[in-house]
Each structure stands twice: as structure tokens, then as C-alpha cells.
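One structure below.
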Ligand SMILES: C[S@@+](CC[C@H](N)C(=O)[O-])C[C@H]1O[C@@H](n2cnc3c(N)ncnc32)[C@H](O)[C@@H]1O
């Protein structure tokens, strides 16, 4: 086999997150977007000592594990739901296998493996989506939706999508028609010209409140007032609680803002988890599947056990959801740390809103802020971003010598790497349970209980 060869591979399995693999002439070949049991035609793109990589060209034979219906019309183009063709029960088995394999590879000794909890709903579960403006193909019509697979510029205009509800589609459709009619160009990342960048929509699953944030460059060749009125006239099932316009002239292709104007209503939406209320501001992290988050937090609560009179740290706390659940469950005191200042203000405000006086949330980097904590924790909960915990921060967390740590992870490769360090420091991995927060996508949440008895 050599570069550019066309080969036929039977997909044996998929390693996290999207590394389908099979064997050709006894050699392992990795190919993206494959489903176990499929036979695909692919072209070899890399051949190195570390392995062979191929790009899928076509599916020659479908897999018996594939679903018969319910795949959206954009699947082959959209970079969103990679596992969409898999039947849901097969997706759950695959995710469980992947995490188990990663922990085994790192020699993590798990005392009790407790399986995977399915999401309450496989469809329409997202409470947040960031859509991009672009063109359908080079110099084609203005498009608004998800980036195409393996493309940095082209966008699939979403007409149907399994993981968002109908209000998102109405907002996309209305917005696209509005800007197409006015001939407003999208922002071209390479040329740094044009206007439209992103449309962020957040919708509370429990409250139905919808927050829309239009992100453009400072070139604004349209009336923001007309844009607002167009949105307010849409026949939505939920209620628009805020329409924002953010200006972002940065070169990086990320949703952030130099300046935000509230065109209508307020700059946050309210969501409920269990019987607690959370104000979520536009750039604050909040779990993107509300009903799934309740299941995830139920696992955290179970692993934390009886927290009465315990001192709890909630590290990487976002808007303080986990910390407040612990505070409500009777913790003596909860201290949370979070990088995003507006998430911390929201967390403190949310705690008062929920009548909880036993928790405090601090803004800053966990790596530095833990040095300022003087309490001795009985339980530390960590829920870091995808990259996991900074190695130096892990050292500081270990130094607290908390008898119990609950590690919530949204990326199993980072989790496996971090668990090695906790294990070397004497922590035992007592329990591991997975939660399928993001059905049809490659993502999965893992919750681990680590204990150290002195
Ligand atoms: C996966 S989220 C978890 C949030 C929260 N526990 C929840 O369930 O909603 C990770 C959070 O860590 C924050 N973060 C990222 N890097 C950080 C750092 N170095 N120090 C503190 N917080 C950080 C992010 O802003 C984000 O809110």
C-alpha cells in the first residue's frame, strides 16, 4: 500500500472520537466517518511509521448496525453528528467501549464500571447552537448553518437537523432570507472583509426562553432594528427574551465580542435544573443538553454521596450548577472557581436567587486561585474543559488530600491522561459511569469517583 492508493476496508471499530479502523493486508488503516460493520472505499492520504490514514470516498456496503431511518438530509456534508447512522443502542455500546479501551490503555484500575446512561431524548436536545455564515460552495449563495465536514469556509444551510428543535430552524430560515434579500455578505476569514460571522441561539428547555446573538464585523450594512423586528415576527413556540448584536473584528474564527448591544429584552436567558433556577448570560458555559444535564448531575450527586456538613470545592464551576446542587443537598460550604468572570457573577446571583447562602464562587484560573483557598475540602469536584486539567493544577488539587474527588469529563482522552496522575498519587478509581449527553455526536461525558483513604 502506498499514498494515493484506493483501498477497500471493512470497518472493525471506531476509536474515540472519530477514528474508524480496519485492517488491509494485515496493516491497520484509520479512516474518518466510518461505522463498525461498513465496507468503505478510501484513498490513502498518509503512510507513516505511526500508521496508515485514509480518506473515505464511498460506502460500498452498509452495516447491520445502521438505523433504517431518521438520518437528516445533511449527514454526508455536515460536520455535526458523526455517529448519526448508528442505531442508538449501538452508539451507546460504542461510546462505552471507547472509554473503557482508553482507560485500559492507560492502565487505570476501575473498581466498579457502571455503564452508560442514555440521554432522556435522542433528538432536539440542544439548548445552544452556534451557526456560521458562509457560502454553500465557493462564491455560491449566502448560507447559514454548520460548517461542512473538513471545510473551513463552506457551510451547510440547515433545513432539518435532528438535534435542535424547530424554533432554531425557523430562526435560521428567517435570518438567512433577511440577509439574502438585503445582499449582506458573510465575513471572509482570509480576506478579512464582509459582515456576517455567527448566529448563536440559546433556548431554555424548561423555560422556553430564547436568546439570539448575531455576531458581525464592524461593517454593518443593514438595519439592526429591522433584523430585530424580523425575529420578533417569527411564529416561534418559545419566547424571545433577548436579541443581541455583537461586533467582533478579531481574526480568530471564534464567537466572542468586542462590543455587545442589546437590541431587545435582556442579555441572558433563564433555565431550570431540578428545582433550581439559573440565569445564563450570553458567553457563560451551561451544559448544552438541559435534561441530559439533570441525569449527569444525578450521577455526580450519587458519587458524592451524603454531603451533609462537608466542605466542597467545585472547580471549573461555570455558572455554579454543580456547586449549588451540592449546597442544596446540605454541604457545609461550597467554594467554586471559574475563569469567565460573567459566569461567576451569574453563579453568585444564581445562588442568591435559589436562596443558598452556603456557597461562594470566585473568578480566576484554577491553577492560581486554588492557592488562595484556606478551607480543607472533604470533597473536590472537577469539571474541566476538553483539554482536561493543567498538570500543575492537578498537583495542587492532589495536595489538598481530599478523601474524595469526583471528576466530570467531557473528553475521555484527557480524562485517561489525568487519571494516570491521580492514580500515581494514590487515588483509587472507585466508580466510573458514562452519560450520553450528546446523542449522535462523538461526544460523551464520564463521571469518576476517586478516593484516597489516609
Ligand atoms: C465543562 S465546563 C463545566 C462547567 C460547570 N461545571 C457545569 O457543569 O456547567 C468547564 C468550565 O471551565 C471553565 N474554565 C476553563 N479553563 C479554566 C481554568 N483554567 N480555570 C477555571 N475555569 C476554567 C470554562 O469557562 C467552563 O465554564
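In the numbering used here, the protein residues as written are 22 to 475.
Glycine is no exception: its CB is placed at the ideal position from the N, C-alpha and C atoms.
If you're wondering where the values come from, they're calculated on a predicted model, not measured in any experiment.
Option nearest residue i by Cα separation, candidates the options
| i | options | result |
| --- | --- | --- |
| residue 470 | 209, 424, 298, 158 | 424 |
| residue 380 | 404, 246, 336 | 336 |
| residue 416 | 391, 274, 231 | 391 |
| residue 141 | 341, 226, 44 | 226 |
| residue 385 | 398, 251, 362, 396 | 362 |
| residue 354 | 372, 367, 457 | 372 |
| residue 287 | 301, 312, 137, 29 | 301 |
| residue 46 | 31, 37, 458, 383 | 31 |
| residue 145 | 134, 256, 184, 339 | 184 |
| residue 458 | 83, 148, 51, 53 | 148 |
| residue 37 | 467, 396, 463, 468 | 463 |
| residue 351 | 51, 366, 330, 224 | 330 |
| residue 445 | 473, 339, 468 | 473 |
| residue 48 | 70, 340, 54 | 70 |
| residue 305 | 341, 468, 298 | 341 |
Classification of residue i by the beta-carbon crowding that lies within 10 angstroms, buried from 16 upward
| i | result |
| --- | --- |
| residue 66 | exposed |
| residue 550 | Because the chain in this structure spans residues 22 to 475, residue 550 falls outside the shown range and cannot be described. |
| residue 171 | exposed |
| residue 258 | exposed |
| residue 376 | exposed |
| residue 393 | exposed |
| residue 296 | exposed |
| residue 358 | buried |
| residue 59 | buried |
In DSSP terms, what residue i is bridged to
| i | result |
| --- | --- |
| residue 36 | 40 |
| residue 356 | 334, 381 |
| residue 31 | 60 |
| residue 468 | 429, 454 |
| residue 82 | 60 |
| residue 217 | 207, 237 |
| residue 50 | 43, 73 |
| residue 393 | Note: residue 393 sits in no beta bridge, so no partner. |
| residue 151 | 221 |
| residue 167 | 177 |
| residue 266 | 235, 282 |
| residue 289 | 302 |
Any chain B beta carbon closer than 8 Å to residue i
| i | result |
| --- | --- |
| residue 295 | Absent from the structure is chain B; it holds one protein chain and no more. |
The stretch 343-363 / the stretch 317-333 touching (three or more Cβ pairs under 8 Å): yes
Can at least three beta-carbon pairs, one atom from the stretch 442-455 and one from the stretch 125-137, be found at a separation below 8 Å? yes
Contact the stretch 254-269 vs the stretch 221-241: 3+ CB pairs below 8 Å: yes
Pair every Cβ in the stretch 113-128 with every Cβ in the stretch 426-441, then say whether three or more of these pairs are closer than 8 Å. yes
Taking contact to mean 3 or more Cβ pairs, one atom from each stretch, closer than 8 Å, check whether the stretch 185-204 and the stretch 90-108 are in contact. no
Any 3 or more C-beta pairs closer than 8 Å across the stretch 69-77 and the stretch 87-100: no
At least three beta-carbon pairs within less than 8 Å, the stretch 281-296 to the stretch 207-222: The count of Cβ pairs closer than 8 Å, one atom from the stretch 281-296 and one from the stretch 207-222, stays below three, leaving the stretches out of contact.
Validate contact between the stretch 406-413 and the stretch 436-443 using beta carbons, cut 8 Å, 3 pairs: Yes, the stretch 406-413 touches the stretch 436-443.
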